[in-house]
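Engineer: Whatever position you read off the sequence shown (first residue = 1), add 1044 for my numbering. Each residue gets a CB set at the ideal place from its N, CA and C atoms; glycine is no exception.
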Amino acid sequence: MSQPWHLQRMAALDFESSDKDPETARIVSCALILVGGGLPTDSRTWLVNPGIAQEPGAIAVHKLTDEYLVEHGQPAEQGVAEIAKAVAEVVAGGVPLVGHNLGGYDLNLLDRECRRHLGDSLEGLCRQPLTRVVDTMVLDKHAAPFRRRVSETQGAYQMRTTAGTYGLKWDEDQAHSAEYDALQSVRAAYRMGVIAHTRPEERPDWVLRLRNSRGPYEQFSDLAFVDVEELHRRQVVWAREQAASFQRHLRGSNPSAVVDGTWPLRPVPAGQDGGAS
């Protein structure tokens, strides 16, 4: 292996959307930012008119109103086509896609939008499976498990919490824009990589105090000295385990709860074809 994965070129990807469900949500903004690897930063952003009314809760988060998107956004088909083409170029170049909850939400959102507007899956448009995805939520949950919620409104592993855990400053006024969140996710990935590749006994005190299932600081070592493809394969397993754990938790109050742990792309639910509703 050449350079450690966190020192190589990475493509940060983030979306803002019309609601929380990737099966029904539409893209309203996107940022794709190539960083690292000794090359200049290359940023692309899109503003998209989804053509439908957004959920009020989504607007409250990203502040992009329906009226603003109608006036300033690209038509959805054009925007999705441009985003898919840019992502496909990154994938073809072997650059890993990095984001927070990328396999839990963003890539599935893009896949459904590709099916809806372009008539093909994301992997179909990329002409290859996605095998180089770095999801900082999956990594954080594995390396630093058992974190408690910060408050009733701030979860244990949402982007703001992860950023703070790894010493990143957080600007709530800039947060929830695709560009800001994409950059924060790739910065978090880099800092996780730094910790993983530091001698275990020299890692930060908070890491040494972690309550890991295999003993102090051991699970950070699972992120070290692997190439991106192997890190991806490990995340497939970790995401499945994390979903199973969350499902067991939910079934304490809802015996029929189901959490799909397929990562980074979930199958289209039965009865849906990704077409426009």
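Check whether the stretch 1166–1183 touches the stretch 1063–1079, counting contact only when three or more Cβ pairs, one atom from each stretch, lie closer than 8 Å.
Structural biologist: no
Engineer: Could you name the residues of the same chain whose beta carbon sits closer than 7 Å to that of Trp1090, not counting the 5 residues immediately before and after it, in chain order?
Structural biologist: Within the sequence shown, the letter at position 46 stands for residue 1090. Taken in chain order, the residues that qualify are Ser1073, Cys1074, Gln1118, Gly1123, Glu1126, Ile1127.
Engineer: Can you give the beta carbon distance from Ala1018 to His1161, rounded, assuming they're within the 8 Å contact cut?
Structural biologist: No information on residue 1018 is available, as it lies outside the stretch 1045 to 1321 that the chain covers here.
Engineer: When DSSP labels each residue in this structure, what does Gly1318 get in the three-state scheme?
Structural biologist: For this step, residue 1318 is matched to residue 274 along the sequence shown. Unreliable positioning characterises Gly1318 in this predicted model, as indicated by a pLDDT of 48, which lies under 50. A coordinate reading is not provided.
Engineer: Pull up the CB-CB distance for Leu1146 and Leu1166, whole angstroms please, since I reckon it's below 8 Å.
Structural biologist: Your numbering for residue 1146 matches position 102 in the sequence shown. Your numbering for residue 1166 matches position 122 in the sequence shown. Not quite, the Cβ-Cβ distance comes to about 12 Å (not below 8 Å), so this is no contact.
Engineer: Between the Cα of His1050 and those of Leu1267, Trp1282, Arg1292, Gly1305, spot the shortest distance and give me the residue it belongs to.
Structural biologist: Taking the first residue of the sequence shown as 1, we reach residue 1050 at position 6. For the set Leu1267, Trp1282, Arg1292, Gly1305, the Cα lying nearest the Cα of His1050 is the one of Leu1267.
Engineer: In the DSSP assignment, what are the bridge partners of Ala1075?
Structural biologist: Here the question's residue 1075 lines up with position 31 in the sequence shown. DSSP links Ala1075 through a beta bridge to Asp1058, Thr1089.
Engineer: If the criterion is Cβ atoms closer than 9 Å, does the pair Arg1156 and Pro1094 meet it?
Structural biologist: Counted from its first residue, the sequence shown places residue 1156 at position 112. Counted from its first residue, the sequence shown places residue 1094 at position 50. No; because the gap between Cβ atoms is not below 9 Å, this pair is not in contact.
Engineer: Could you tell me the boundaries of the beta strand (DSSP E) in which Val1177 lies?
Structural biologist: What you label residue 1177 is simply residue 133 of the sequence shown in a count that begins at 1. Note, Val1177: beta strand (DSSP E), 1177–1179.
Engineer: For Leu1169, which residues in the same chain have their Cβ closer than 7 Å to its Cβ, ignoring the five residues on either side in sequence?
Structural biologist: Here residue 1169 refers to the residue found at position 125 of the sequence shown. Closer than 7 Å at the Cβ level, and outside the excluded window around Leu1169, lie Ala1128, Ala1132, Cys1158, Leu1162.
Engineer: Can at least three beta-carbon pairs, one atom from the stretch 1281–1290 and one from the stretch 1205–1212, be found at a separation below 8 Å?
Structural biologist: no
Engineer: Using DSSP bridges, identify the partner residues of Val1131.
Structural biologist: Within the sequence shown, the letter at position 87 stands for residue 1131. Bridge partners of Val1131: none, in fact.
Engineer: Would you give the residue range spanned by the alpha helix (DSSP H) that Gly1208 belongs to?
Structural biologist: Sequence index remark: in the sequence shown, residue 1208 carries index 164 (1-based). Residues 1203–1209.
Engineer: With distance defined between alpha-carbon atoms, name the residue in His1293, Gly1148, Val1251, Val1092 nearest to Met1236.
Structural biologist: Along the sequence shown, read from residue 1 onward, the residue named residue 1236 stands at position 192. Nearest of His1293, Gly1148, Val1251, Val1092 to Met1236, Cα basis: Val1251.
Engineer: Can you name, in chain order, every residue of its own chain whose Cβ lies under 8 Å from the Cβ of Ile1103, other than the five neighbours on each side?
Structural biologist: Here the question's residue 1103 lines up with position 59 in the sequence shown. So the qualifying residues of the chain are Thr1109, Asp1110.
Engineer: Using the Cα positions of Val1312 and Ala1283, report the straight-line distance between them to the nearest angstrom.
Structural biologist: Mapped onto the sequence shown, residue 1312 falls at position 268. Mapped onto the sequence shown, residue 1283 falls at position 239. Roughly 18 Å separates the two Cα atoms.
Engineer: Taking only the alpha-carbon atoms, compute the straight-line gap between Tyr1149 and Val1270 and give it to the nearest angstrom.
Structural biologist: Taking the first residue of the sequence shown as 1, we reach residue 1149 at position 105. Taking the first residue of the sequence shown as 1, we reach residue 1270 at position 226. Spanning the two alpha carbons is a distance of roughly 25 Å.
Engineer: DSSP three-state call for Leu1212: helix, strand or coil?
Structural biologist: If you number the sequence shown from 1, residue 1212 lands on position 168. Three-state result, Leu1212: coil.
Engineer: Find the nearest neighbour of Trp1307 within the set Ala1222, Glu1285, Glu1223, judged by alpha-carbon distance.
Structural biologist: Start at 1 with the first residue of the sequence shown, and residue 1307 comes out as number 263. Here the closest residue by C-alpha is Glu1285.
Engineer: Suppose the cutoff is 7 Å on Cβ atoms and the five residues either side in sequence are ignored; what does the same chain contact list for His1276 look like?
Structural biologist: Along the sequence shown, one-based indexing puts residue 1276 at 232. Within its own chain, the residues whose Cβ lies closer than 7 Å to the Cβ of His1276, once the five positions on either side in sequence are excluded, are Thr1175, Arg1176, Val1177, listed in chain order.
Engineer: For chain B, check one thing: does any of its Cβ atoms lie closer than 9 Å to the Cβ of Glu1196?
Structural biologist: The chain labelled as chain B is not found in the depicted structure, where only one protein chain is given.
Engineer: How far does the alpha helix (DSSP H) with Val1114 in it reach, from first residue to last?
Structural biologist: Position 70 of the sequence shown, counted from the first residue, corresponds to residue 1114. Residues 1110–1116.
Engineer: What's the gap between the Cα of Leu1141 and the Cα of Ala1301?
Structural biologist: On the sequence shown, position 97 is the one that residue 1141 refers to. On the sequence shown, position 257 is the one that residue 1301 refers to. Their backbone Cα atoms lie some 30 Å apart in a straight line.
Engineer: What's the gap between the Cα of Lys1064 and the Cα of Ala1233?
Structural biologist: Looking up residue 1064 in the sequence shown gives position 20. Looking up residue 1233 in the sequence shown gives position 189. So the alpha carbons of these two residues sit roughly 23 Å apart.
Engineer: Pull up the distance between the alpha-carbon of Asp1086 and that of Ile1077, whole angstroms please.
Structural biologist: Locating residue 1086 in the sequence shown gives position 42, counting from the first residue. Locating residue 1077 in the sequence shown gives position 33, counting from the first residue. Going by the C-alpha atoms only, they are around 6 Å apart.
Engineer: Mind checking whether Asp1217 and Gly1143 have CB atoms under 9 Å apart?
Structural biologist: Against the sequence shown, residue 1217 aligns to sequence position 173. Against the sequence shown, residue 1143 aligns to sequence position 99. No, they are not a contact pair.
Engineer: At the level of alpha carbons, what is the spacing between Val1303 and Gly1296?
Structural biologist: For the purposes of this step, residue 1303 is taken as the residue at position 259 of the sequence shown. For the purposes of this step, residue 1296 is taken as the residue at position 252 of the sequence shown. One C-alpha to the other measures close to 13 Å.
Engineer: In terms of DSSP beta bridges, what is Val1142 paired with?
Structural biologist: Locating residue 1142 in the sequence shown gives position 98, counting from the first residue. Its beta-bridge partners are Ala1056, Val1178.
Engineer: From the DSSP output, in three-state form, read off Pro1244 for me.
Structural biologist: To locate residue 1244, count along the sequence shown from 1; it is residue 200. Helix.
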